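Asks: In the UniProt record's numbering, the protein residues as written are 1 to 262. Positions of the beta carbon are idealized from the N, C-alpha and C atoms, including for glycine. Quick caveat: nothing in here was measured; it's all calculated off a predicted structure.
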Amino acid sequence: MSNPILCRFEAARSVVRDAAALAMKMRPAPGGPQATQKAAQDWLTETDGAVEALISQRIGELFPEDGFQGEEEGRTRTGSLRWVVDPIDGTSNYARWRNRWCISLGLMDGDTPVAGIIEAPALRETYTAVRGHGAFLNGQPIHASPVSDPATSLIEMGWSNRVGPGVFQQKIDAILGLGAMPRSGGSGAIALAEVACGRQDGYLEMSINLWDVAAALVLLEEAGARVSPFLRDGGLDGDATILAAAPNIADALSRAVGVSMD
1 MSNPILCRFE AARSVVRDAA ALAMKMRPAP GGPQATQKAA QDWLTETDGA
51 VEALISQRIG ELFPEDGFQG EEEGRTRTGS LRWVVDPIDG TSNYARWRNR
101 WCISLGLMDG DTPVAGIIEA PALRETYTAV RGHGAFLNGQ PIHASPVSDP
151 ATSLIEMGWS NRVGPGVFQQ KIDAILGLGA MPRSGGSGAI ALAEVACGRQ
201 DGYLEMSINL WDVAAALVLL EEAGARVSPF LRDGGLDGDA TILAAAPNIA
251 DALSRAVGVS MD
């Protein structure tokens, strides 16, 4: 891995820590969702914009030649190296004082994810990875689960308002048919990170965007998980399906939910 990538990664860790502190400071009080609704169950808080602006400004000052893409403002700068941020992944949780939310910042070299940071400050967890250098949770190496029997597995599925009626239930039924335990936790980035660290054995979302997964794709690769070809199948420029799984159950899960790993 080139020094410029490692240099950027180390600098970005500090930026993300500051962004996480801001998100914690701005966190709404417990209660009802304190946010505006962009679409069905798709929430936006004041924090989303503030965190994205902080990261964009700091990264722009440090690396003005780099591109930048955020969930809220889209592509605001171009460059062969591109930062991709989801300022608050799991906004519905954040808006209700739940802890399962994070800041996700990935670095792309062209079309290749090369570094990622997923900071979940309410959980006191930081996932990091640089391509070729391993994946870590709070500084400790992580690896995908060794589970080989789908009937002992835990599989999470994300919900999206862009998916037609009945699809979520159909896929959940397929997961149940394997004998697996289904979950849905409201943060795709954390769910993918938990596949990387072996806390769960698979994650499926039928429609998800690059900013949700840019950081996690590096984690999953470095941790030895298998991932469907999200980028090839449209994820670079729009929403696409992602399936990530522990290597020993990936084929069985792929067949059950009808999402190819090839």
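1. Should residue 152 go down as buried or exposed, given a rule of 16 or more other Cβ atoms within 10 Å for buried?
2. If you count every other CB in all the chains shown that lies within 10 Å of the CB of residue 25, and 16 or more means buried, which is it?
3. Does the region 91-110 come into contact with the region 215-235, if we say contact requires no fewer than three beta-carbon pairs (one atom in each stretch) closer than 8 Å?
4. Of all the options 140, 80, 226, 205, which has the alpha carbon lying nearest to the alpha carbon of residue 241?
5. Would you tell me roughly how many angstroms separate the C-alpha atoms of residue 136 and residue 127, rounded to the nearest one?
6. Which runs of the alpha helix (DSSP H) spanning at least 4 residues fall entirely within the region 77-121, listed in chain order?
7. For residue 234, which residues in the same chain have their Cβ closer than 7 Å to its Cβ, ignoring the five residues on either side in sequence?
8. Give the single residue among 91, 89, 23, 4 whose Cα lies nearest to the Cα of residue 264.
9. To the nearest angstrom, report how far apart residue 121 and residue 21 are at their CA atoms.
10. Assuming residue 259 is part of the beta strand (DSSP E), what are its boundary residues?
11. Between which residues of its own chain and residue 253 is the CB-CB distance below 6 Å, once the five residues before and five after are set aside?
12. If we count the other Cβ atoms within 10 Å of its Cβ and call it buried at 16 or more, is residue 86 buried or exposed?
13. When DSSP labels each residue in this structure, what does residue 181 get in the three-state scheme?
14. Which parts of the region 190-218 are runs of the beta strand (DSSP E), unbroken and 3 residues or longer, counting only runs that do not cross its ends?
15. Where does residue 51 sit, in a helix, a strand or coil, going by DSSP?
16. So, at 7 Å on beta carbons, what are the nonlocal neighbours of residue 179 in its own chain, with the 5 sequence-adjacent residues on each side left out?
17. Closer than 8 Å by C-beta to residue 189: which residues in its own chain qualify, once you throw out the five before and the five after it? Chain order, please.
18. From 113, 61, 8, pick the residue whose C-alpha is nearest to that of residue 232; which is it?
19. Candidates 181, 187, 247, 138: which alpha carbon is nearest residue 144's?
20. Taking the DSSP output, what are the residues bridged to residue 226?
21. For residue 210, which residues from the same chain have a beta carbon less than 7 Å from its beta carbon, with the 5 sequence-adjacent residues on both sides left out?
22. Give the range of the alpha helix (DSSP H) segment to which residue 269 is assigned.
Replies: Looking at the coordinates:
1. It counts as exposed.
2. Label assigned to residue 25: exposed.
3. The answer is yes - the region 215-235 touches the region 91-110, with three or more Cβ pairs under 8 Å.
4. Selected option, being the one with the closest Cα: 205.
5. Their backbone Cα atoms lie some 6 Å apart in a straight line.
6. Qualifying alpha helix (DSSP H) stretches, in chain order: 91-94.
7. So the list reads 240, once near-sequence residues are dropped.
8. Any question about residue 264 goes unanswered here, given that the chain covers just 1 to 262.
9. The alpha-carbon atoms of residue 121 and residue 21 are separated by roughly 8 Å.
10. Counting along the chain, residue 259 falls outside any beta strand (DSSP E), and DSSP gives it neither H nor E.
11. Correct list, in chain order: 202, 245.
12. Under this definition residue 86 is a buried residue.
13. Strand.
14. Listed in chain order, the complete beta strand (DSSP E) runs (minimum 3 residues) inside the region 190-218 are 202-208.
15. Residue 51 falls in the helix class under three-state DSSP.
16. Only 150, 151 meet the Cβ criterion.
17. Listed in chain order, the non-local C-beta contacts of residue 189 below 8 Å within the same chain comprise 86, 89, 90, 102, 104, 118, 212, 213, 215, 216, local neighbours out to five positions each way being set aside.
18. Cα-wise, what sits closest to residue 232 is 113.
19. Of 181, 187, 247, 138, the residue nearest in Cα terms is 247.
20. Its beta-bridge partners are 245.
21. So the qualifying residues of the chain are 84, 235, 236.
22. An answer regarding residue 269 cannot be provided, because it is not within the stretch 1 to 262 covered by the chain.
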